[in-house]
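Trainee: Residue numbers (numbering that gives the first Met the number 0), protein chains in the order written: chain R, 0 to 121; chain V, 0 to 162.
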Amino acid sequence: MKLKKADIVLVLALLLVAAAAGIFMLAARDAGAEAVVVQNGKEILRMPLNEDTEEVITRGEDSNTVVIKDGTARVTEANCPDKVCVHTGEIRYEGQTIVCLPHKLVVKIEGGDNQDVDAVAQ
Amino acid sequence: MTTKRIARYGLLIALALILSYVESLLPVFVAVPGVKMGLPNIVIMFALYSLGVKDAAIISLIRVVLAGALFGSVFSMLYSAAGAVLSLAVMAVLLKTKRFSPVGVSVAGGVAHNAGQIIVAILVTETAQLIYYLPVLCISGIAAGVLIGVVSGIIINRLQKQI
Ligand SMILES: [Zn+2]
Numbered sequence: 000m001k002l003k004k005a006d007i008v009l010v011l012a013l014l015l016v017a018a019a020a021g022i023f024m025l026a027a028r029d030a031g032a033e034a035v036v037v038q039n040g041k042e043i044l045r046m047p048l049n050e051d052t053e054e055v056i057t058r059g060e061d062s063n064t065v066v067i068k069d070g071t072a073r074v075t076e077a078n079c080p081d082k083v084c085v086h087t088g089e090i091r092y093e094g095q096t097i098v099c100l101p102h103k104l105v106v107k108i109e110g111g112d113n114q115d116v117d118a119v120a121q
Numbered sequence: 000m001t002t003k004r005i006a007r008y009g010l011l012i013a014l015a016l017i018l019s020y021v022e023s024l025l026p027v028f029v030a031v032p033g034v035k036m037g038l039p040n041i042v043i044m045f046a047l048y049s050l051g052v053k054d055a056a057i058i059s060l061i062r063v064v065l066a067g068a069l070f071g072s073v074f075s076m077l078y079s080a081a082g083a084v085l086s087l088a089v090m091a092v093l094l095k096t097k098r099f100s101p102v103g104v105s106v107a108g109g110v111a112h113n114a115g116q117i118i119v120a121i122l123v124t125e126t127a128q129l130i131y132y133l134p135v136l137c138i139s140g141i142a143a144g145v146l147i148g149v150v151s152g153i154i155i156n157r158l159q160k161q162i
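1. How many angstroms separate the CA atom of V98/R from the CA atom of K3/V?
2. With distances taken between CB atoms, is the gap from A114/V to I121/V smaller than 8 angstroms?
3. State the Cα-Cα distance for the pair E173/V and V106/R, rounded to the nearest angstrom.
4. Straight-line CA distance for V35/R to G21/R?
5. Along chain R, which residues have their Cβ under 7 angstroms away from the Cβ of V102/V?
6. Is the closest heavy atom of ligand 1 to the C-beta of V82/R under 7 angstroms?
7. Do Y48/V and I155/V come within 8 angstroms of each other at the CB atom, strictly closer than that value?
8. Near A72/R, which residues of its chain fall below 8 angstroms by C-beta distance, leaving aside the five closest residues on each side in sequence?
9. Since I43/V meets chain R, which of its residues come closer than 7 angstroms, beta carbon to beta carbon?
10. Output, in sequence order along the chain, the residues in the segment 5–24 of chain V whose CB is closer than 8 angstroms to any CB in chain R.
11. Where does P47/R sit, in a helix, a strand or coil, going by DSSP?
12. What are the start and end residues of the beta strand (DSSP E) that includes N63/R?
13. Can you check whether the CB of A107/V is closer than 8 angstroms to the CB of L93/V?
14. Would the beta-carbon of P101/R be found less than 7 angstroms away from any heavy atom of ligand 1?
15. Suppose the cutoff is 7 angstroms on Cβ atoms and the five residues either side in sequence are ignored; what does the same chain contact list for A120/R look like?
16. Please name the residue or residues paired with A72/R in a DSSP beta bridge.
17. Excluding the 5 residues flanking R28/R on each side, which residues of the same chain have their C-beta closer than 6 angstroms to its C-beta?
18. Counting along the chain, where does the alpha helix (DSSP H) carrying T2/V start and finish?
19. For S72/V, tell me which candidate among V150/V, S23/V and Y8/V has the shortest Cα-Cα distance.
20. From the DSSP output, in three-state form, read off K122/R for me.
21. Please tell me whether I141/V and G109/V are closer than 8 angstroms, where the distance is taken between their beta carbons.
22. Which value, in whole angstroms, describes the spacing of the CA atoms of V135/V and I147/V?
23. If we define contact as Cβ-Cβ less than 8 angstroms, is I154/V a contact residue for chain R?
24. What residues match up with K41/R in a beta bridge as DSSP calls it?
25. Identify whether D115/R lies in helix, strand or coil by the three-state DSSP scheme.
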């Protein structure tokens with residue numbers, strides 16, 4: 000089986016798009032201020048990143064433990080089948096997320112510089 | 000529907016299901032929602048090349064429903080259906096242009112599969128930020144697509160005349 004020219008063009012184009020998007024995201028990222036826990040599309044709670052805490056989020060049988068430590072958020076324990084949320088590890092930058100699809104749960108980092116400005120304005 | 004066609008369907012669906020099962024046993028090595036190797040896509044690629052788009056679509060659909068019922072949940076069925084539909088559509092278009100080898104077709108399918116899954120994940124969790132996973136999904140889709148494409152290409156060449 001031989002590769003065709005179009006195959007190579009396609010792979011290179013996709014790699015280029017991925018790399019460009021990746022570099023843009025790395026360059027544009029800001030340290031976040033708080034971790035927002037959203038389940039089933041509804042905001043459950045907000046955890047400031049500058050305070051070490053631990054919360055167990057439960058919904059029916061579903062449970063995820065969210066830990067804030069040293070300015071980062073992570074899911075340390077979960078009873079979901081795939082454990083993707085636990086394997087994601089720490090997040091700390093604005094826009095980063097930890098997702099637990101089976102539990103429809105998302106932990107996202109919000110509030111960098113912009114919200115600090117808002118806080119001062121208040 | 001001829002007996003031969005039913006037998007062919009049964010064989011390919013069984014194969015795709017076995018590959019789905021094998022995949023469900025593999026540990027999640029990328030901590031990104033929606034990333035999969037796409038082993039069943041070997042069967043879908045073969046069906047696409049040797050039987051045509053319609054048969055590949057039917058086999059893919061039955062595979063998604065059965066695999067979801069057997070090894071997953073309603074939600075995992077929804078994610079894989081989105082991935083399967085998008086990936087098959089893209090692969091069918093690329094195949095029709097006749098400008099791509101099985102590797103190119105399968106790479107596009109792999110990336111489209113991951114994109115479809117992340118779109119459903121964004122809708123279900125109502126979290127637009129998941130779009131940040133796109134670069135990783137793109138790279139992993141390419142890697143899986145090359146692997147699946149090479150394997151499918153060999154199988155298509157060897158078996159096309161025998162089924
Ligand atoms: Zn989880």
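For every residue, glycine included, the Cβ atom is placed at its ideal position computed from N, Cα and C.
Mentor: The relevant details are as follows:
1. 45 angstroms
2. no
3. The question about residue 173/V has no answer here: the residues shown for chain V are numbered 0 through 162.
4. 23 angstroms
5. L2 and D6
6. Residue 82/R is actually Lys in this sequence, not Val. Yes, the Cβ of K82/R comes within 7 angstroms of a heavy atom of ligand 1.
7. yes
8. A34, M46, L48, V65, V66, E89, I90, R91, I97, V106 and I108
9. Simply none; closest approach about 18 angstroms.
10. none
11. strand
12. D61 to K68
13. yes
14. yes
15. Any reading at A120/R is ruled out, since the residue's pLDDT is 46, under 50, leaving its predicted position unreliable.
16. I67/R and I90/R
17. Y92
18. T2 to L24
19. S23/V
20. Because chain R is modelled from 0 through 121, residue 122/R falls outside the range shown and cannot be assessed.
21. yes
22. 18 angstroms
23. no
24. Q38/R
25. With a pLDDT of 46 at D115/R, under the threshold of 50, the modelled position of that residue is not reliable, and the figure given next carries that caveat. Looking at D115/R - three-state DSSP - the assignment turns out to be helix.
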